[in-house]
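Number of protein chains: 2
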Amino acid sequence: MGIVVQKYGGSSVADATSIKRVAQRIVATKKAGHDVVVVVSAMGDTTDELIDLANEVSPLPPGRELDMLLTAGERISMALLAMAIGNLGQEARSFTGSQAGVITDDAHGRAKIIDVTPGRLQDALTEGAIVIVAGFQGVSQTTKDITTLGRGGSDTTAVALAAALKADVCEIYTDVDGIFTADPRIEPRASRIPALSYEETLEMAANGAKILHLRCVEYARRNDMPIHVRSSFSEKQGTWVVAADQVARYLDNESTEGDTAMEQAIISGVAHDRSEAKITVVGVPDRVGEAAAILRALGDAQINIDMIVQNVSAAATALTDISFTLPRADGQTAMTALARLKDQVGFERLQYDDGVGKVSIIGAGMRSQPGITATFFEALAAAGVNIQMISTSEIRISVTVAESHVDAAVRAAHEAFGLGTDEVEAVVYGGTGR
Amino acid sequence: MGIVVQKYGGSSVADATSIKRVAQRIVATKKAGHDVVVVVSAMGDTTDELIDLANEVSPLPPGRELDMLLTAGERISMALLAMAIGNLGQEARSFTGSQAGVITDDAHGRAKIIDVTPGRLQDALTEGAIVIVAGFQGVSQTTKDITTLGRGGSDTTAVALAAALKADVCEIYTDVDGIFTADPRIEPRASRIPALSYEETLEMAANGAKILHLRCVEYARRNDMPIHVRSSFSEKQGTWVVAADQVARYLDNESTEGDTAMEQAIISGVAHDRSEAKITVVGVPDRVGEAAAILRALGDAQINIDMIVQNVSAAATALTDISFTLPRADGQTAMTALARLKDQVGFERLQYDDGVGKVSIIGAGMRSQPGITATFFEALAAAGVNIQMISTSEIRISVTVAESHVDAAVRAAHEAFGLGTDEVEAVVYGGTGR
C-alpha cells in the first residue's frame, strides 16, 4: 500500500493524553500496511503563549525572530508525538520543516512554499519509520532562515508533503466529522457532506466555512491530491475533497449495498461569515476612473475587499454609491485611507456597517440548473430576510444580510435545498487553528 | 576591537524582565565597539518542564527525539532575546546550533563538538548584527540530526564559538561574582579569585566547584581561549581563566596603582563535593588481577569512579580492602554489578557509605612548595576532622571525610592557607545549569 499523510491540529495534541491517543491512531494506520507521514501543529495554546512572550519583550518583534520563536511550538509537539509512538513499539522520527525539505520564499509570517525536497523523509520511510513533520514551517530558499506559513500553514504543509511524496491521500484530522452542509450550531439538521470538489471547497472556505484553509485546498487542487477531512475521535468516513470528476465515485463508495449511487446534490452546502464589515461610499460622481481610484487606495493599504457593488447612478444627479465588504479587522484602516481620498474623488460621505453577515450557497450542480437563485431568494424572503448585496460565481451565490438575520438565512437556504438530515448529529463546528 | 562571546544561563533569561535586562547589557557591549556573539540557555525551568512532558508520554524517550524536544527551549529564549535587542535599536539575529555550524558526533544527549563552521555568524557580524546562538545544541555530522551536548553544554558552545571565531574573550555570565576561594555559604570570608590557570580550574571543576563545567574548561585550555566568569548583575571584574603563564598578568591588572603585583597564592582555592558515595570491597584476595576485575565490572556498567585506594594487605590473611568513590546516583548500579562478581573474585563483603564528602585544595603554587600536605592535614586534625581517603595530583590534594565534617574541613583549609578576605561579600555560590 502507499503513503498516507495525516495532519493533526493543536487541539488533537493539546496534552500528554491527547498525544498518546493520536499515537495509537497513527500506529494503527502503520499496522494496516501504510507508510505514514504525520504533520503536527503546536500543542493547544502554545503559539498564543509564545506570542504573548514576544509582546512582553518587544512591541513589534522582527518577523525573522518571531518565526524562530513560534516554530519551537511544533518542535515540542512533534518530538513528544514521536516519543509516544516509540513507546508503542514503532520507530518514529521527527523532522523540522527545514529538515523535511519545505522550501519557502522569505516572507516571514506568511511564507509561500516554493519547493518540497523530502529526501530525508523518503529515506526514513524506506527504513520503516513513521515520519513526523512540523507543520506551519519551512526554510527560506534565499536566506536559509526559518519561516512560517501563516494561518492554515499546517494543513498546507500536509498537502504539500502529500503531493511531493505522491501519497494516496492527505488526511486532515479535526474535532468534527467532516465538512457539513451548514454550521450545526445554527442548523441542527445539518449533515456531513461525503464528498466535495476542490472548487466547491474553495468557495466554502472563502465564504466562511472554517474547516479547511483556502491555500491548502488550492494547493491540493493544483496537485490533484485527495484530502480526507475527518474526526480524530472516530473511525467514521469524513468528507473527501477531490477533483470534480471524482466526486461521484466517492459518493458511490458510501452508498450502502444494493443502493444505487446517490445523485450529487445541486447545492452541496450553506456557508456563512460574520467576520466582514460593509463600507458604502455615498454620492460618488459617476465618472470614469472614480471606482478605480477608490479600489487603488484600498489596495495600497493592503486591504482585500470581498464583495463589491455599484448602483446604477441616478440620472438626475449623476451620482452613484459604491459598497463593498472587507474583513472587520481592516475597517479602520480602510476608512482612514478612503477619508484621505474625499476631496480628490469628491464623494459625499462614507458609511461603515459592521452589523452585516454573508450567507452563501455552494454547489457544482448549480451550473446546469436554472432557477437556483430564485429558490434561494424566495426562501430568504419567506424567512423575512432582507438582501443587502449579491455576488455570484459559477458555483456560488452569496448575499449580504443584517448580522441578526444570518441564522435565519442559513436555516432557510438549508431547508430550501433539501440538505437536512433526520439524524441530528452531536457535533461542534469548530475552526481549525494553524 | 575584536569579537566578544557572552554566555547567559537559564536564570539570566528566566522571564521577560530578565531578558530585557540582559539585552541592555549586550547592547552596551556592542556600543563599546565590540562584535558580540551571545550564547543563551533555555529560560529558567523550561528544560525540566519539557523533560516532564517527555516522561508523561514515554518512560524511555529515544535520544534523538529528546534532543529535538529539548532544543526547543533555546529556540524560544534566543528568539526572545533577539527581539528584546531589536527593541533597543540594534539588529540581532538568532541561530540554532545547526545554523551556527556547531557540528557534533551523533551521541544524543551527550554529543561532542567535532567541528565549528560559523560562516553564517561571520556574515551576520560583518553586516553589523549582534549574533545570538542557541547553547547546548548542534547537528550530527553523520545523521544530520539535532543533538544536545549534555550538562555544561551551553558553556562549551560559547567557548567553542569563541575559539572558532578567534574571539578576544569568552565571558560566562552567572549570578555570582566569579570563582571563589571556597563556597561562601560555608566560609563567609571566601574571596573572589581574580585569575586561575586552566589546570587549576579543571581541578576545581572536577572536585565539586560548580561554576564552570569540566569540558568547557578543557575546550578553552586546548584552544587557549581566555574565559571571564562574571556576574550578570554587576560590572565588576570576575575571575579570568587563562593559560598558566598568563595568570600573573591578570593578577597585575587588578593591583591598584602603585602596588606591586600580587604574588600568586600557593593555594588558589578550596573545593568540596557532597555528591559522591564510597564503596569498599572488603576482604579481596591479594592476587594479581583482582582489582582489574573489579574495575572492569564497574567500567562495563558505565560508572566513572573517582578516588580509589587499596590497602596494603595484612600479611596474615593475604586479604586486602579496595575502596573507591563514585557518583551517588550510580551507587545502586555499582553495588549490583559488584555483587555479581562476588563468587568469581571471592571477596568477603561490600560496604556502601553515602555519608562522605570530599574536600580538595587546589593551586598551581603547590608544585614548588614542600609541606603543603602537612599544613593541610594539620589544619584538619586541629579541626577534629578524620581523613578517610587521600588522593593527589600535581596541583591538588583531596581527602574524603565524613559528610558532617565537610564544612569544618573547608573552613580549616581556607584559614590555614590564608585565603580569607576581610570584606565579607554577600554572594550565593550557585550552580550553573546547562
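Keeping their order, the protein sequence lines are chains A and B. For what it's worth, our numbering labels the leading residue of the first sequence as 1, then goes sequentially. For what it's worth, our numbering labels the leading residue of the second sequence as 1, then goes sequentially. A virtual CB, placed ideally from N, CA and C, is assigned to each residue, including glycine.
Note down, in chain order, every chain A residue with its Cβ under 7 Å from the Cβ of ALA72 of chain B. ALA72, ARG75, ILE76
So, are the CB atoms of ALA158 of chain A and VAL5 of chain A less than 7 Å apart? yes
Just how far apart, CA to CA, sit ALA100 of chain A and THR117 of chain A? 7 Å
Let's test the definition: count the other Cβ atoms within 10 Å of the Cβ of ILE114 of chain A and tell me whether it reaches 16, buried, or not, exposed. exposed
Mapping the DSSP letters down to three states, classify VAL78 of chain B as helix, strand or coil. A small correction: the amino acid at residue 78 of chain B is Met; Val does not occupy that position in the sequence shown. If DSSP states are grouped into helix, strand and coil, MET78 of chain B belongs with the helices.
By alpha-carbon positions, which one of B:ALA82, B:GLY269, B:GLU200, B:ALA209 ends up nearest to VAL38 of chain B? B:ALA82
Counting beta carbon pairs with one atom in the region 39-48 of chain B and one in the region 57-70 of chain A, are three or more of them shorter than 8 Å? no
VAL133 of chain A lies in the beta strand (DSSP E); which residues open and close that run? 130-134
Quickly, what does DSSP pair LEU380 of chain A with across the bridge? List them, please. BP columns for LEU380 of chain A are empty, so no partner.
Can you grab the Cα-Cα spacing for the pair GLU276 of chain A / TYR352 of chain A, in whole Å? 11 Å
On the criterion of 16 or more Cβ atoms from any shown chain inside 10 Å, does GLU394 of chain B qualify as buried, or is it exposed? exposed
What residue does the beta strand (DSSP E) around ARG296 of chain B start on, and which one ends it? It is not in any beta strand (DSSP E) - ARG296 of chain B instead sits in the alpha helix (DSSP H) that spans 290-300.
Near VAL385 of chain B, what residues of its chain come up, given a Cβ to Cβ distance below 6 Å and the 5 sequence neighbours on each side ignored? VAL401, HIS405, ALA408, ALA409
Under 8 Å from the C-beta of GLY86 of chain B: neighbouring residues of chain A: SER58, PRO61, PRO62, GLU65
Which bits of chain A does MET500 of chain B rub up against, with CB to CB less than 9 Å? Missing from the structure shown is residue 500 of chain B; chain B here goes from 1 to 434 and no further.
If you run the structure through DSSP and keep just helix, strand and coil, what is GLU425 of chain A? Legend: pLDDT at GLU425 of chain A = 40, less than 50; position of this residue unreliable, value from coordinates given subsequently. In the structure shown, GLU425 of chain A sits in coil (DSSP, three-state: anything other than H, G, I, E or B).
Residue from A:GLU65, A:ILE279, A:CYS170 whose Cα sits closest to the Cα of HIS108 of chain A: A:GLU65
Nearest to ALA164 of chain A by alpha carbon, out of A:ALA413, A:GLY10, A:ASN223, A:VAL281? A:ASN223
Hey, does LYS20 of chain B have any beta-carbon neighbour from chain A nearer than 7 Å? yes
Proximity below 7 Å, CB of ARG110 of chain A to CB of THR156 of chain A: no
Could you tell me the alpha carbon to alpha carbon distance between LEU350 of chain A and ASP343 of chain A, rounded to whole angstroms? 13 Å
Which of helix, strand or coil does DSSP assign to ALA402 of chain B? strand
Could you tell me the alpha carbon to alpha carbon distance between GLY153 of chain B and VAL40 of chain B, rounded to whole angstroms? 11 Å
When we look at the beta-carbon of ASN304 of chain B and count the other beta-carbons within 10 Å, is it buried (16 or more) or exposed? exposed
From which residue to which residue does the beta strand (DSSP E) around THR147 of chain A run? 146-148
Could one say the Cβ of MET68 of chain B lies closer than 7 Å to chain A's Cβ atoms, at least one of them? yes
What are the boundary residues of the beta strand (DSSP E) that GLU276 of chain B is part of? 276-285
Quick one: which residues of the region 144-167 of chain A get their C-beta closer than 9 Å to a C-beta of chain B? List them in chain order. LYS144, ASP145, ILE146
Since ALA413 of chain B contacts ALA364 of chain B with CB under 8 Å, what's their CB separation in whole angstroms? Wrong, their Cβ atoms sit about 17 Å apart, outside the cutoff.
Could you give the residue range of the alpha helix (DSSP H) that holds GLU49 of chain A? 46-57
Do three or more CB pairs link the region 124-144 of chain B to the region 169-177 of chain B at distances below 8 Å? no
Among B:ASN87, B:TYR250, B:LEU121, B:GLU200, which one has its Cα closest to the Cα of GLN237 of chain B? B:TYR250
The beta strand (DSSP E) enclosing GLY331 of chain B, as first and last residue numbers: First-last for GLY331 of chain B: 331-339, but that is the alpha helix (DSSP H), not the beta strand (DSSP E).
Looking only at C-alpha atoms, which of B:GLY73, B:SER232, B:LEU326 sits nearest to ASN207 of chain B? B:LEU326
Taking Cβ positions only, does SER12 of chain A come closer than 7 Å to chain B? no
Distance between SER368 of chain A and PHE324 of chain A (C-alpha atoms, nearest Å): 29 Å
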